[in-house]
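Here the working numbering is used: the first residue of the sequence shown is 1, the next is one more, and so on. Cβ atoms here follow ideal geometry from the backbone N, Cα and C, with glycine treated the same way. Report on the structure given below.
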Amino acid sequence: MKRVIMTVPGFTVSAFILLLHVNFVASYPSGKVTKSCHGMIPEHGHTPQSHPAHNISVSQMTFRPGDQIKVTLSGPPFKGFLLEARDAENLSGPPVGSFTLIDSHVSQLLTCEDVQGSAVSHRSPSKKTEIKVYWDAPSSAPNHITFLATVVEKYKIYWVKIPGPVISQPNVLPFTTPAATTAPMPTGPPVSHLTRSFNASDCGKKKFCIRSPLNCDPEKELACVFLSFTRDDQSVMVEMSGPSKGYLSLAFSHDRWMGDDDAYVCIHEDQIVHIQPSRLTGRSHPIMDSGDPLEDMAWRLADGVMQCSFRRNITLPGVKNRFDLNASYYIFVADGAAADGRIHKHSQQPLITHEKYNVTGDPKNIGGSRSLLLLKVHGALMFVAWMTTVSVGVLIARFFKPVWSKALFGDAAWFQVHRTLMLTTSALTFIAFLLPFIYRGGWNWHAGYHPYLGFIVMVLAVLQLLLAAFRPPLHDPRRKMFNWTHWSMGTAARIIAVAAMFLGMDLPGLNLPGPWKTYAMIGFVAWHVGTEIILEIHAYRLSRKVEILDDDRIQILQSFTSAEAEGYVFKKVVLAIYVCGNLTFLTMFLSAINRL
């Protein structure tokens, strides 16, 4: 989510919401959990378990400043942990002392409260059953020390501040455990089951609706992505529907980028749907918040479609990370896979509104796009340049020199057409190359090999122009070297451009739908190669008709006879068929881009 996520590899914006793996372990698989040092609570958004399944043991029950005590955390397999020593008489205070690792392959030291090594955590999310470390007693240690551990079995199953034994300095008053009070386990707002599907009958009348395809109805169309907002005095009712087996999410954003967004996620888990607010802090896994601000939560699963609804107040002045819905925002809708209550990067680019909207204002009926205009234009220009203009230009230069040899504006007609097409290719490539930089404000480090291949193509296109500007005369000794260099660079550019198009079609910013795009691109390549093979065979057969008259050694090429006319007609027919097929492939891709 900033594009909801809802990660993204995917709300992207992907998602908007994104990504990844488990725990502290989901949000922090590497164990870098210094943000949780004080409260020792993973930012998972689930309720911690109440009955500890793990145990903390120590090598001795008394200590003096400077002593080193072995501490062991053990129990059923777990993925993540956080271990600290605290003043037993002030458990909310800062960590006490520091630790020394026994096995640095499974655990690591953290710096909490500016004290290096004052906590220990996991190094990876691999399963473990026992952790052993040494605790080094400081010179200013309090009289009584206890060890606390937070243990993560998996994303939604964890224990917070499991208490260990209390160790004491000698000759101090015995530690007295304060009278325990039993606090009720936190419970979320009630969630009910929807008895019927949402519908679009009030869109634009009572509801502010976002739909894709535009004007679809979730009651009648399974593929309809639907989001509606209905104002009711000082609150707003939200309905969200779409095909998803994992999660659906929406986000309010100040811009079109993921980060610092107000997001809401409906997660399918164990045949039920959890509805939770979350916040996004960049291109990372969303941080789940308490569902307390939400009311009237309900959900429905049917025919591969997830539907969920909830109500929230328009303004929530006492709740952090929730936006005031009296203002205008870009709105994201994303979907993706989920496992064990943890969402993964969205599988496709989030649906994003074209401009900012106030969902509590006048009811509207709008759509959105999964690809921004600049990226659509980028893809369209590259398809035109490297599927059409360059391909036709290459065929003309290779096979049509004798066909269009007459002068046109001072040069042979074939050369004028070839030069015009190649200049057009370079111009389109240059414009298209700039558009992602304008959109991103710089280089895109999340697009794999595609931008690197595009950069190489751009460089080769510029070099081809420079090389052509210094083309030697026809009979110059350097002309042969020029011809080979020109052909080699052009061929390399075409091959790399096709590879870049194959990769670019699957990027979230464009992400053309369905597997057909791969087959269509393979079909285009086969169409072009097949046309070149046909024309090569035709040229070879014509060359076999050359006869040498031995008596006066005059070379006669039968293309000066009726065979020449027949050969020219054949080439023109092949070119016409090729251009028609080429334009058919191009139209398929441009139509798909326009529908995004």
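Check whether the Cβ atoms of residue 609 and residue 382 sit closer than 9 Å, and answer yes or no.
What is shown of the chain runs 1 to 596, which leaves residue 609 out entirely.
Rounded to whole angstroms, what is the Cα-Cα separation between residue 176 and residue 88?
As a position in the sequence shown, residue 176 is number 176, starting the count at 1. As a position in the sequence shown, residue 88 is number 88, starting the count at 1. Taking the straight line joining both Cα atoms gives about 10 Å.
For residue 240, report the span of its alpha helix (DSSP H) as first-last.
In the sequence shown, the residue the question calls residue 240 occupies position 240. Looking at the DSSP string, residue 240 is not in any alpha helix (DSSP H); the run it does join, the beta strand (DSSP E), is 235-243.
Classify residue 469: buried if its beta carbon has 16 or more other beta carbons within 10 angstroms, exposed otherwise.
In the sequence shown, counting from the first residue as 1, residue 469 sits at position 469. Its Cβ having fewer than 16 others within 10 Å, residue 469 is exposed.
DSSP three-state call for residue 279: helix, strand or coil?
For the purposes of this step, residue 279 is identified with residue 279 of the sequence shown, where counting begins at 1. Residue 279: strand per DSSP, three-state reduction.
Terminal residues of the beta strand (DSSP E) in which residue 349 lies
Stepping through the sequence shown from its first residue, residue 349 is reached at position 349. First-last for residue 349: undefined, no H or E at that position.
What do you get for residue 285, buried or exposed, if any count of 16 or more other CB atoms within 10 angstroms of its CB means buried?
Within the sequence shown, numbered from 1, the residue matching residue 285 stands at position 285. Residue 285 comes out buried.
Residue 416, DSSP secondary structure in three states
Here residue 416 is taken as the residue at index 416 of the sequence shown, counted from 1. Here residue 416 sits in helix by DSSP.
Backbone CA spacing between residue 463 and residue 493 [nearest angstrom]:
For the purposes of this step, residue 463 is taken as the residue at position 463 of the sequence shown. For the purposes of this step, residue 493 is taken as the residue at position 493 of the sequence shown. Each residue's Cα considered, the two are about 10 Å apart.
Mind checking which residues open and close the beta strand (DSSP E) that includes residue 163?
Numbered from its first residue, the sequence shown carries residue 163 at position 163. Unbroken beta strand (DSSP E) run through residue 163: 157-168.
Which of helix, strand or coil DSSP assigns to residue 464:
Reading the sequence shown from its first residue, position 464 is the one you call residue 464. Here residue 464 sits in helix by DSSP.
Just the C-alpha distance for residue 102 and residue 133, rounded to the nearest angstrom, thanks.
For the purposes of this step, residue 102 is taken as residue 102 along the sequence shown, with counting starting at 1. For the purposes of this step, residue 133 is taken as residue 133 along the sequence shown, with counting starting at 1. So the two alpha carbons sit approximately 5 Å from each other.
Sufficient close CB pairs (3 or more, under 8 Å) joining the region 75-92 to the region 109-126:
yes
For residue 536 and residue 399, what's the separation of their Cα atoms in angstroms?
As a working mapping, residue 536 is identified with position 536 in the sequence shown. As a working mapping, residue 399 is identified with position 399 in the sequence shown. Residue 536 and residue 399: Cα-Cα distance of roughly 8 Å.
When you measure from the CB of residue 580 to every non-hydrogen atom of the ligand FMN, does any distance come out below 8 Å?
Ligands in the displayed structure: none, and consequently the ligand FMN is not present.
Assigned secondary structure, residue 580 (DSSP; H/G/I helix, E/B strand, else coil)
Counting from 1 along the sequence shown, the entry for residue 580 is found at position 580. Residue 580 falls in the helix class under three-state DSSP.
In the DSSP output, which residue or residues are listed as bridge partners for residue 269?
Your numbering for residue 269 matches position 269 in the sequence shown. Answer by DSSP bridge pairing, in chain order: 272.
Taking the Cβ atom as the reference point for each residue, do residue 570 and residue 512 lie within a distance shorter than 9 Å?
Numbered from 1 along the sequence shown, position 570 holds the residue referred to as residue 570. Numbered from 1 along the sequence shown, position 512 holds the residue referred to as residue 512. Result no, Cβ atoms of residue 570 and residue 512 do not sit closer than 9 Å.
Of all the beta strand (DSSP E) runs that stay within the bounds of the region 122-158, which reach a length of 3 or more residues?
128-136, 144-154
Return the CA-CA distance between residue 472 and residue 412, expressed in angstroms with no decimal places.
Translated into the one-based positions of the sequence shown, residue 472 becomes position 472. Translated into the one-based positions of the sequence shown, residue 412 becomes position 412. Near 16 Å, if we compare the C-alpha coordinates of residue 412 and residue 472.
For residue 530, does the three-state DSSP call read helix, strand or coil?
If you number the sequence shown from 1, residue 530 lands on position 530. Three-state result, residue 530: helix.
Extent of the continuous alpha helix (DSSP H) to which residue 38 belongs
Position 38 of the sequence shown, counted from the start, is the residue given in the question as residue 38. Looking at the DSSP string, residue 38 is not in any alpha helix (DSSP H), and its letter there is neither H nor E.
Grouping DSSP H, G and I as helix and E and B as strand, with all else coil, what is residue 431?
In the sequence shown, residue 431 corresponds to position 431, counting from 1. Three-state result, residue 431: helix.
Taking just the CA atoms, how far does residue 279 sit from residue 531?
Mapped onto the sequence shown, residue 531 falls at position 531. Mapped onto the sequence shown, residue 279 falls at position 279. Cα to Cα, residue 531 sits roughly 54 Å from residue 279.
Along the beta strand (DSSP E) that carries residue 336, what are the first and last residues, could you check?
On the sequence shown, position 336 is the one that residue 336 refers to. Its beta strand (DSSP E) spans residues 330-339.
Please report the Cβ distance between residue 326 and residue 360, rounded to the nearest whole angstrom; I am assuming they are in contact, meaning their Cβ atoms lie under 8 Å.
Here the question's residue 326 lines up with position 326 in the sequence shown. Here the question's residue 360 lines up with position 360 in the sequence shown. That belief holds up - the Cβ atoms of residue 326 and residue 360 are roughly 6 Å apart, short of 8 Å.
Beta strand (DSSP E) containing residue 193: first to last residue?
For the purposes of this step, residue 193 is taken as residue 193 along the sequence shown, with counting starting at 1. 191-193 is the extent of the beta strand (DSSP E) around residue 193.
Using only CA atoms, which one of 357, 130, 373 lies nearest to residue 366?
Here residue 366 corresponds to residue number 366 of the sequence shown, with the count starting at 1. For residue 366, the nearest C-alpha among the options comes from 357.
Could you compute how far the alpha carbon of residue 251 sits from the alpha carbon of residue 331?
Within the sequence shown, numbered from 1, the residue matching residue 251 stands at position 251. Within the sequence shown, numbered from 1, the residue matching residue 331 stands at position 331. In a straight line, the C-alpha of residue 251 is about 6 Å away from that of residue 331.
Would you kindly work out how many angstroms separate the C-alpha atoms of residue 350 and residue 295, rounded to a whole number?
Counting from one through the sequence shown, the residue named residue 350 turns up at place 350. Counting from one through the sequence shown, the residue named residue 295 turns up at place 295. Roughly 26 Å between the two C-alpha positions.
Starting from residue 86, follow the beta strand (DSSP E) in both directions and report where the run begins and ends.
As a first step, residue 86 must be located in the sequence shown, where it is residue number 86. Unbroken beta strand (DSSP E) run through residue 86: 80-87.
Which residue comes first and which comes last in the alpha helix (DSSP H) that contains residue 481?
Position 481 of the sequence shown holds residue 481. Residue 481 -> alpha helix (DSSP H) spans 479-504.
Contacts around residue 514, its chain only, beta-carbon distance under 6 Å, and the 5 residues preceding and following it disregarded
Taking the first residue of the sequence shown as position 1, residue 514 is located at position 514. No residues qualify anywhere along the chain.
Exposed or buried, residue 641, counting other C-beta atoms within 10 Å across all chains shown (16 or more means buried)?
Here the chain covers residues 1 to 596 and nothing more, so residue 641 does not appear.
Which same chain residues, not among the five before or five after residue 582, have their C-beta less than 8 Å away from its C-beta?
In the sequence shown, counting from the first residue as 1, residue 582 sits at position 582. Correct list, in chain order: 387, 388, 391, 392, 524, 527, 528.
Beta-carbon proximity of residue 225 to residue 40, cut-off 9 Å
The residue given as residue 225 occupies position 225 in the sequence shown. The residue given as residue 40 occupies position 40 in the sequence shown. No; because the gap between Cβ atoms is not below 9 Å, this pair is not in contact.
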